[in-house]
Every structure is written in C-alpha cells, then in structure tokens.
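Let me begin by presenting the structure, written as structure tokens, before commenting on it.
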Amino acid sequence: MSLPVAVFASGSGSNLQAILDYHAGLDAPPWRVELVVSDQEDAKVLQRGRHAAIRARFLPAAGRSSGDVAGETLDLLRSSEIGFVALAGYLRLIPAPVVAAFRERMVNIHPALLPAFGGKGMYGMRVHEAVLAAGATVTGPTVHFVDEEYDRGPIIAQWPVPVRAGDDPHTLATRVLRVEHLLYPRVVDQFGRALARGCRPAPFSPPGTAFLAHSRATVDLERAISAGFAARTGAAAHGNGERT
Ligand code: GAR
C-alpha cells in the first residue's frame with residue numbers, strides 16, 4: 289500500500305503536474321498523489337487533478353472562520369488517510385490545528401531564497417518583482433516545512449538561480465519555475481519514500497550539483513540542467529505534462 293499524498297494549490301498547478309509526471313516515471317513508488325485541494329473553485333489545478341483521475345476538491349476558505357476551514361481540511365485529509373501534504377502555490381495560511389496534525393509532514397515551495405522575499409502577501413509575480421526591485425543577483429526556489437506563519441518553517445532545500453541583466457518579472461518567474469519543476473518532485477519523492485517507511489526524511493540535496501541547503505552559491509541554471517542534474521536523474525524523461 290503506497291503512502292497517500294495531498295497537494296494544495298490555488299492556481300495553475302504546474303508544480304502538481306511536474307510531481308505527477310515525475311511519479312509516472314518511477315518504478316513502483318511507495319507514494320501516490322491521492323488528493324488535490326484548492327481554495328479556488330475554477331483553479332486549473334483541480335482540472336489537472338481530475339484529468340489524472342485524482343480526487344480533486346474545492347475547499348473554500350474566503351470569508352470563513354479559521355476553525356471551520358481547519359475542521360473541514362482535517363476531515364478531508366483523514367478521510368483520504370493522507371500521510372504527507374505538499375503546498376504548491378497555495379495562497380492561504382494553513383490553520384494551526386492542521387499544521388499541528390501534519391508537523392514535519394507538510395512542505396511548501398516558495399519562488400525565492402527564504403528568508404528573503406517571503407511572508408504574507410509575497411506570492412507569485414510579487415516575489416519576482418521584489419527580487420528585481422531589490423537588485424538581487426541570485427534568487428531561486430525554497431522548499432520548507434510549513435509552520436503557523438507564512439514562509440517561515442525550517443528550510444529543506446534551496447536552488448540558487450541567477451538573475452540576469454534585462455530580466456523582467458516574467459522572464460525571472462519562468463526561469464525559477466523551471467527549477468521548481470526539477471526540485472519539488474524530487475523532494476516530494478524523498479519525503480514520500482521516507483514517510484512510507486516510517487522514517488524521518490533527511491534534508492534534501494539534488495544530485496549532480498554543487499548545491500547545499502542554505503548555500504548562496506550561484507549555480508548556472510542552463511549548465512546545471514543540461515550537463516548535470518537533468519541528465520543524471522532522467523528529468524527530461526519526466527517532462528511530458530503541460531505545466532504552464
Ligand atoms: C510557484 O512559483 C510557487 O513557488 C509559488 O506559486 C507558484 C505556483 O505555480 N508559490 C508561492 O508564491 C507561495 N508563497 P503553479 O501553480 O504553476 O505550480
């Protein structure tokens with residue numbers, strides 16, 4: 289029996305798609321995406337989940353009490369026997385009782401190198417605008433545990449991505465998102481495998497790169513993908529899904 293995983297998202301769900309594509313290329317993985325949850329009824333991520341024959345649920349949060357949302361979320365997660373939750377562009381604060389129930393079993397991906405450019409209101413294109421406005425020369429995704437505050441939980445993995453001269457928020461977002469699609473499925477896989485065995489997941493380091501968690505070293509994205517990481521891990525073989 290594989291470990292049931294839930295993915296929460298508010299928008300397109302290209303990270304969900306990357307996780308599903310990666311999962312499809314694994315040999316008998318001990319985990320599966322069992323449930324997709326969105327706070328937006330018309331979110332494309334719900335269509336992606338249904339298209340993959342995964343239970344996809346709209347769980348409204350706007351205008352409701354945190355207690356009501358927490359109760360409904362926990363009922364949903366328990367009814368699907370979810371053992372691990374990945375937030376992938378989910379723009380609501382997870383209620384404290386849900387965080388407590390999934391402590392160290394819930395992660396989030398953020399499109400900047402936390403603790404910089406995170407916190408309430410920092411999501412999507414706003415993050416990339418802030419990175420450019422600050423004149424940062426390096427950005428990149430962070431995966432971290434979810435706690436009771438936005439973007440604050442302990443960091444699991446980061447991948448530095450260069451900011452290039454002439455970047456606008458869209459070119460930067462595209463470059464970072466490509467790396468998210470490489471990084472997040474592998475973190476979810478590592479966590480899924482560890483939790484399926486009843487083990488505590490280890491910190492994540494992508495293979496084939498000089499990457500280290502907390503590192504601020506610049507990795508040239510194109511070089512890393514073409515010469516190292518993608519070739520060694522077969523990432524190209526998992527790139528069939530529509531992600532944008
Ligand atoms: C991703 O870039 C993710 O890092 C970001 O939302 C995007 C979702 O894209 N998350 C945040 O900004 C959270 N603070 P997707 O729907 O195409 O996966």
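Counting the sequence shown from 1 gives a position; this note's numbering is that position plus 288.
From the three backbone atoms N, C-alpha and C, an ideal C-beta is built for every residue, glycine too.
A quick note: this is a predicted structure, and the numbers were derived from the prediction, not measured.
1. Along the chain, where does the beta strand (DSSP E) containing leucine 291 start, and where does it finish?
2. Given that a residue counts as buried once 16 or more other Cβ atoms are within 10 Å of its Cβ, and exposed if not, what is alanine 498?
3. Please confirm whether leucine 483 and phenylalanine 390 have their CB atoms less than 8 Å apart.
4. Would isoleucine 397 and alanine 376 be called neighbours here (beta carbons separated by less than 8 Å)?
5. Do serine 298 and glutamine 328 have their C-beta atoms within less than 8 Å of each other?
6. Is alanine 310 a contact residue of the ligand GAR, with contact defined as CB to any heavy atom under 7 Å?
7. Starting from the C-beta of alanine 424, find all residues in its chain whose C-beta is less than 7 Å away, skip the five residues before and the five after it, and write them out in chain order.
8. So, using beta-carbon positions, are alanine 445 and phenylalanine 479 closer together than 8 Å?
9. Measuring from the CB of leucine 465, is there a heavy atom of the ligand GAR at a distance below 7 Å?
10. Does the distance from the C-beta atom of proline 317 to that of histidine 311 stay below 8 Å?
11. Does the Cβ of aspartate 439 lie closer than 7 Å to at least one heavy atom of the ligand GAR?
12. Quick one: what does DSSP say valine 434 is sitting in, helix, strand or coil?
13. Write down the C-beta distance between valine 387 and aspartate 439 rounded to the nearest angstrom, noting that I regard them as a contact closer than 8 Å.
14. Along the chain, where does the beta strand (DSSP E) containing leucine 323 start, and where does it finish?
15. How big is the Cα-Cα spacing for histidine 458 and alanine 331?
16. Who are the near neighbours of arginine 488 in its chain, counting only those whose CB is closer than 8 Å to its CB and skipping five residues on each side?
17. How long is the line joining the alpha carbons of serine 290 and glycine 313, rounded to whole angstroms?
18. Run the CB neighbour count on threonine 462, radius 10 Å, all protein chains shown included, and call it buried at 16 or more, exposed below.
19. Assuming serine 368 contacts proline 292 under a Cβ cut-off of 8 Å, what Cβ separation, rounded to an integer in Å, is found between them?
20. Tell me whether histidine 458 counts as near the ligand GAR, meaning its Cβ is closer than 7 Å to at least one heavy atom of that ligand.
21. Can you check the segment 326-412 for any alpha helix (DSSP H) of at least 4 residues that lies completely inside it and give the ranges in chain order?
22. Is DSSP giving threonine 427 helix, strand or coil here?
23. For the beta strand (DSSP E) that alanine 445 lies in, which residues bound it at each end?
According to the structure data:
1. 291-296
2. Low confidence applies to alanine 498: its pLDDT is 40, below 50, so where it sits in the model is not reliable, and the reading given next is rough at best. By the neighbour-count rule (16 or more Cβ atoms within 10 Å), alanine 498 is not buried but exposed.
3. no
4. yes
5. yes
6. Inspection of the sequence shows that residue 310 is occupied by tyrosine rather than by alanine. Tyrosine 310 Cβ: outside cutoff for every heavy atom of the ligand GAR.
7. Val451
8. no
9. yes
10. yes
11. yes
12. coil
13. Not really, about 13 Å apart at Cβ, beyond 8 Å.
14. 319-326
15. 20 Å
16. Glu392 and Ala482
17. 16 Å
18. exposed
19. 6 Å
20. no
21. 332-339, 354-367 and 384-389
22. strand
23. 443-446
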